[in-house]
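Chemist:
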Amino acid sequence: MGATDARITTEEESREVAEDAREKEWVGRTCVREMFLGNLPLPLMYPFPLEQAERPEFTQFYNALKNFLRNEVDSKVIDETGEYPEHVVNGLRKLGAFGMKIPKDYEGLGFTVSEYTKVMEMVGSYDGNITALLSAHQSIGVPQPLKLFGTPELKKKYLPRCAKGAISAFALTEPHVGSDPASLSTVAEREGDYFILNGEKLWCTNGTLAELLVVMARDPKTKKISAFVVETDWPGVKVEHRCRFMGLKALGNGVISFKDVKVPVTNVIGEEGKGLKIALITLNTGRLTLPAACAGIGKTCIETVRGWCTERVQWGVPIWKHEALSHRIADMAATTFAMDSVSKLASQMADRGGYDIRLEAAAAKEWNTVRAWELIDQTLQIRGGRGYETERSLIERGEAGIPIERLMRDCRINLIFEGSSEVMHLFMAREAVDKHLQVAGSIIDPKAGMSQKMAAMPKILGFYATWYPPLWLKGIAGRFSYGEWGKLASHMRFVERSCRKLARESFHGMAVYQAKMERKQAFLFRCVDVVMELFTMVATMSHARTLKEKGKPNAEEALQLADLHCRNARRKVEQSFKALWSNDDNNKNKVAASVMKGEQEWLQAGIMGLGLTQEQFRTHAITGNNSRQEEPKRAVAAG
Ligand SMILES: Cc1cc2nc3c(=O)[nH]c(=O)nc-3n(C[C@H](O)[C@H](O)[C@H](O)COP(=O)(O)OP(=O)(O)OC[C@H]3O[C@@H](n4cnc5c(N)ncnc54)[C@H](O)[C@@H]3O)c2cc1C
Numbered sequence: 001m002g003a004t005d006a007r008i009t010t011e012e013e014s015r016e017v018a019e020d021a022r023e024k025e026w027v028g029r030t031c032v033r034e035m036f037l038g039n040l041p042l043p044l045m046y047p048f049p050l051e052q053a054e055r056p057e058f059t060q061f062y063n064a065l066k067n068f069l070r071n072e073v074d075s076k077v078i079d080e081t082g083e084y085p086e087h088v089v090n091g092l093r094k095l096g097a098f099g100m101k102i103p104k105d106y107e108g109l110g111f112t113v114s115e116y117t118k119v120m121e122m123v124g125s126y127d128g129n130i131t132a133l134l135s136a137h138q139s140i141g142v143p144q145p146l147k148l149f150g151t152p153e154l155k156k157k158y159l160p161r162c163a164k165g166a167i168s169a170f171a172l173t174e175p176h177v178g179s180d181p182a183s184l185s186t187v188a189e190r191e192g193d194y195f196i197l198n199g200e201k202l203w204c205t206n207g208t209l210a211e212l213l214v215v216m217a218r219d220p221k222t223k224k225i226s227a228f229v230v231e232t233d234w235p236g237v238k239v240e241h242r243c244r245f246m247g248l249k250a251l252g253n254g255v256i257s258f259k260d261v262k263v264p265v266t267n268v269i270g271e272e273g274k275g276l277k278i279a280l281i282t283l284n285t286g287r288l289t290l291p292a293a294c295a296g297i298g299k300t301c302i303e304t305v306r307g308w309c310t311e312r313v314q315w316g317v318p319i320w321k322h323e324a325l326s327h328r329i330a331d332m333a334a335t336t337f338a339m340d341s342v343s344k345l346a347s348q349m350a351d352r353g354g355y356d357i358r359l360e361a362a363a364a365k366e367w368n369t370v371r372a373w374e375l376i377d378q379t380l381q382i383r384g385g386r387g388y389e390t391e392r393s394l395i396e397r398g399e400a401g402i403p404i405e406r407l408m409r410d411c412r413i414n415l416i417f418e419g420s421s422e423v424m425h426l427f428m429a430r431e432a433v434d435k436h437l438q439v440a441g442s443i444i445d446p447k448a449g450m451s452q453k454m455a456a457m458p459k460i461l462g463f464y465a466t467w468y469p470p471l472w473l474k475g476i477a478g479r480f481s482y483g484e485w486g487k488l489a490s491h492m493r494f495v496e497r498s499c500r501k502l503a504r505e506s507f508h509g510m511a512v513y514q515a516k517m518e519r520k521q522a523f524l525f526r527c528v529d530v531v532m533e534l535f536t537m538v539a540t541m542s543h544a545r546t547l548k549e550k551g552k553p554n555a556e557e558a559l560q561l562a563d564l565h566c567r568n569a570r571r572k573v574e575q576s577f578k579a580l581w582s583n584d585d586n587n588k589n590k591v592a593a594s595v596m597k598g599e600q601e602w603l604q605a606g607i608m609g610l611g612l613t614q615e616q617f618r619t620h621a622i623t624g625n626n627s628r629q630e631e632p633k634r635a636v637a638a639g
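In my numbering, the protein residues as written are 1 to 639.
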């Protein structure tokens, strides 16, 4: 097999690879998993971990970075030129921004996760390109997996370099490998003290700037995937192409090829063959960057909308007084408070230790990235034509350069990288049914024989006899509980009831669909949507109540926002529950199949058309056996 040959895998193989990479054990407390099981683990989320007094060295860095961004970083120019100016990258190096999460023992700043995400919220509110540069380096690049899994020698060799500003990147994706790593075809073959690396990686953020890469490659003999630290100046490493995107124009993102690259065996990160697991565990905390950056974006939207709607008068009144806009503004504020609460709570859980935050981080990533996209869309609409106009154009005609157009372009990718929205749903859905699979997996396993199924029965009956009835009975006593939550009490009771209902419904789903459940994405994704809303409700209520109890200024306003967020979330939860059993899923499956069979091709009449053959939709590598695809000739659409 050539290094860059496509390894097309079956669905079963893909699932096996994902299962193999999955952390089977729960190594700490977890809120979202408990919610899936019908419990509300309130003590894990309340009191809300309010920010402690800042450490002076953190404040110094934070203020210095803020001044640097304000004075030295012209985001408009970075966006227009599509490059990071040298003085910006060097300035970030000098400040130590590439070593925020690296321990002091290795010459980094040694920030906690909460300190790091506080910085990334600020950066995210200002410049998407800088956010991506810093985040790709320390959320998924070399420092984080080394910190977690590296040998002392590897840490000593690379962490101080990273802290000083040797930029790093993470290389998993390949032309044929996106969300599903099973078909990974970059190979690492053992030869004595080295692995010989061959293959090609796509869309490696920072790859065109990086000195160091984390590369995922497969041992062709064992088929196992390992993670390697690779230095970009080693012979055989080449940037083949710089990729350009809708937004994040300066991203140093590229296609990188590896031709007989000699990687010392000592550069394997963690255990050989555990590369995907290492990547997933790295992402558990790595994923907390985007929620924070998105909370920063939400706050920028509120600032923009407030300033603009006060000033802009149409039809005789400031535009916020038109109800259509005022309701949106209210929802935007409530949502932003929820994003802030979710991001801070998940970061604090990571810092406190003793939590297994894989689901909380995934929920925070998914919920906040989608909300940020919606908030920018709302802000653009409220800005009217000016929302669609570029910063430069606004400035040139004498208006303020409010960058909503740029923010929107930069923000869209957040729903795709570091786990697309669909993959985040799948990731959480897997855990939603995990307990049922553990207990009753053999019943729904088509490969299990009758004797195996019968043997599993006592365990299954034993579990469900004690687990299921309380999911109905507990609600009877709870009508007046949570009085101490004041006007939020009814929301808290709703969350508690809904956790039980979610557990019942997912169990009913398993009972009805059995082995087919894994293909019932619509059902599973609705369960995930419910749990995410419930999680955000608790985060938001806990935040507001703790602010009140600690006598913080603005506590009343926070309670108002929490109340509105919960009202909105409850409607979404109710809708999702209803749609579990009353929906058009079968209809949609039939129509989708009809579209894909070409039966609805008549609908495409009247367009120019892409003029592509089916073959031209295929993905291709630049190097190796998969030659580059010719620029397709445009042709008039058939039909
Ligand atoms: C700007 C940018 C920066 C990036 N940076 C990096 C980087 O630094 N390192 C790196 O390794 N990669 C990087 N990536 C790759 C990124 O992580 C992938 O784009 C992402 O994982 C999705 O893969 P894909 O684009 O190939 O989509 P595909 O996996 O082909 O998916 C296409 C669509 O199908 C959906 N889908 C796929 N499988 C399922 C399923 N089982 N159920 C339901 N829906 C499904 C997806 O959600 C998506 O909507 C970057 C990409 C971009 C565009």
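Yeah, the Cβ is synthetic: ideal placement off N, Cα and C, and Gly gets one too.
It should be emphasised that the depicted structure is a prediction, and the values quoted were computed from it without experimental measurement.
1) Taking the alpha-carbon positions, what's the E572 to L534 distance?
2) Can N587 be considered in contact with ligand 1, in the sense that its beta carbon sits closer than 7 Å to one or more heavy atoms?
3) Is F577 near V530, with beta carbons less than 8 Å apart?
4) Suppose only complete runs of 4+ residues qualify. What are the alpha helix (DSSP H) ranges in the region 552 to 612, listed by chain order?
5) Roughly how far, in whole angstroms, is the beta-carbon of V187 from the beta-carbon of P235, given that I think they are within contact range, below 8 Å?
6) Closer than 7 Å by C-beta to E153: which residues in its own chain qualify, once you throw out the five before and the five after it? Chain order, please.
7) Which residue marks the beginning of the alpha helix (DSSP H) containing Y116, and which one marks its end?
8) Going by the CB atoms, is the gap between G475 and R497 shorter than 8 Å?
9) Within its chain, find whatever has a CB closer than 7 Å to the CB of A637; leave out the 5 residues flanking it on each side and keep chain order.
10) Consult DSSP for A429 and reduce its assignment to one of helix, strand or coil.
11) CB of L146 to nearest heavy atom of ligand 1: below 7 Å?
12) Taking a contact to mean a Cβ-Cβ separation below 8 Å, would you say M45 touches C499 in this structure?
13) For ligand 1, is there any heavy atom lying closer than 7 Å to the beta carbon of G128?
14) Under three-state DSSP, which class holds K262?
15) Report the start-end ranges of each beta strand (DSSP E) in the region 239 to 291 that is 3 residues or longer and not cut off at the edges.
16) Sorted by chain position, which residues of the same chain lie with C-beta nearer than 6 Å to I444's C-beta, five sequence neighbours on each side aside?
17) Using C-beta distances below 6 Å, list every residue in its chain close to G387, excluding the 5 sequence neighbours before and after it, in chain order.
18) Between W203 and ligand 1, is the CB less than 7 Å from at least one heavy atom?
19) When DSSP labels each residue in this structure, what does N414 get in the three-state scheme?
20) Between the Cα of D585 and those of E599, R519, K344, spot the shortest distance and give me the residue it belongs to.
21) Taking only the alpha-carbon atoms, compute the straight-line gap between T173 and Q600 and give it to the nearest angstrom.
22) Does the Cβ of S179 lie closer than 7 Å to at least one heavy atom of ligand 1?
23) Assuming F228 contacts V268 under a Cβ cut-off of 8 Å, what Cβ separation, rounded to an integer in Å, is found between them?
24) Classify W203 as helix, strand or coil using the three-state DSSP reduction.
25) Look at the alpha carbon of S125 and the alpha carbon of L415, and state the distance between them as a whole number of angstroms.
26) Evaluate the contact criterion for the region 111 to 131 versus the region 292 to 299: three or more CB pairs, one atom per stretch, below 8 Å.
27) Just the Cα atoms here: how many angstroms apart are R15 and K447?
28) Buried or exposed: where does I225 fall if 16 or more other Cβ atoms within 10 Å of its Cβ makes it buried?
29) Closer than 8 Å by C-beta to M517: which residues in its own chain qualify, once you throw out the five before and the five after it? Chain order, please.
30) Check whether the Cβ atoms of W373 and V342 lie closer than 8 Å to each other.
31) DSSP three-state call for T56: helix, strand or coil?
32) Could you give the first and the last residue of the continuous beta strand (DSSP E) run that contains L213?
33) Among D74, G449, K552, Q138, whose alpha-carbon lies nearest the alpha-carbon of R287?
34) When the distance is taken between beta carbons, is G91 closer than 8 Å to E107?
35) Would you tell me roughly how many angstroms separate the C-alpha atoms of R22 and V595, rounded to the nearest one?
36) Output the residue ranges of the alpha helix (DSSP H) runs that lie fully inside the region 492 to 564 and measure 4 residues or longer, sorted by chain position.
Modeler: Here's the rundown:
1) According to the sequence provided, residue 572 is Lys. The question's Glu does not apply to it. Rounded to whole angstroms, K572 to L534 spans 10 Å at the Cα level.
2) no
3) yes
4) 555 to 581, 585 to 597
5) With 8 Å as the limit, V187 and P235 do not qualify as a contact, their Cβ atoms being about 17 Å apart.
6) Sequence-distant partners of E153 (beyond 5 residues in either direction) whose C-beta falls short of 7 Å from its own C-beta, in its chain, are T266.
7) 113 to 126
8) yes
9) Because the pLDDT at A637 is just 37, under 50, the model does not fix this residue reliably, and the value given afterwards should be weighed accordingly. Excluding residues within five positions, the ones whose Cβ falls inside 7 Å are Q604, I607, M608, G609, G611.
10) helix
11) no
12) Taking 8 Å as the Cβ cut-off, M45 and C499 do not qualify as a contacting pair.
13) no
14) strand
15) 254 to 264
16) Q514, A515
17) L380, I404
18) Checking the Cβ of W203 against ligand 1 gives yes.
19) helix
20) Among E599, R519, K344, the Cα nearest to that of D585 belongs to R519.
21) 33 Å
22) yes
23) Taking a contact as a CB-CB distance under 8 Å, the pair F228 and V268 counts as one, their CB atoms being some 6 Å apart.
24) Three-state DSSP puts W203 in a strand.
25) In this structure, the CA atom of S125 is about 17 Å from the CA atom of L415.
26) yes
27) 15 Å
28) That one is buried.
29) In its chain, beyond the 5 residues on either side, V433, I444, G509, M510, F523, L524 have a beta carbon closer than 8 Å to the beta carbon of M517.
30) Against a cut-off of 8 Å, the Cβ pair of V342 and W373 comes out as no contact.
31) The identity of residue 56 in the sequence shown is Pro, whereas the question assumes Thr. P56: helix per DSSP, three-state reduction.
32) 212 to 218
33) Q138
34) no
35) 34 Å
36) As far as the region 492 to 564 is concerned, its whole alpha helix (DSSP H) runs of at least 4 residues are 521 to 549.
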